[in-house]
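Some notes on the structure that comes next.
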Amino acid sequence: EGHGVPVDGDIKIFLLGDLGTANSQLLKFVENVAAIAVHIPSKKFSAVGLTVSVQRSSCQQHDFYLEEGAMVFVDTGVDCVNELDMMRGEDRSAIHETTHGAAGPLTVFIPFPGSGH
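Each residue of the sequence shown is one higher than the one before, starting from 1 at the first, in the UniProt record's numbering.
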């Protein structure tokens, strides 16, 4: 129980390390042992790919649907984000908003050394 103290319910782990200290290998290990996990290569994901996007239905021209992004897809699992500093600022903001929302996944961030994050 929270005993009157608000509890987020999410666990966030932020790892920092110099080059060559096996941060990425640790991330891959977490991804392999977790029951539900997704690797988020920071250089290849945008805010839309992380959260949710609107897609046009291939069956009906005027029908649209929401498609979950990596962070939504792994609800109650582990999101592994590597080299956070390589993301654009708006994409990092999307991660911040998603991880500070309602109950969600365990998030492991491994930023590039010297990024100041």
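For glycine and all other residues, C-beta sits at the position ideal for the given N, C-alpha and C.
Spatially closest choice to residue i from the options, by CA coordinates
| i | options | result |
| --- | --- | --- |
| residue 27 | 91, 90 and 78 | 78 |
Buried or exposed by the 16-neighbour rule on C-beta atoms within 10 Å, applied to residue i
| i | result |
| --- | --- |
| residue 95 | buried |
| residue 35 | exposed |
| residue 74 | buried |
| residue 40 | buried |
| residue 85 | exposed |
| residue 18 | exposed |
| residue 92 | buried |
Residue i in three-state terms, based on DSSP
| i | result |
| --- | --- |
| residue 118 | The shown model of the chain, from 1 to 117, leaves out residue 118, and the question about it has no answer. |
| residue 40 | strand |
| residue 53 | strand |
| residue 66 | strand |
| residue 78 | strand |
Nonlocal neighbours in the same chain, by C-beta distance under 7 angstroms from residue i, ignoring five residues either side
| i | result |
| --- | --- |
| residue 57 | 63, 64 and 65 |
6 angstroms Cβ shell around residue i - same chain, five flanking residues per side excluded
| i | result |
| --- | --- |
| residue 37 | 31, 77 and 78 |
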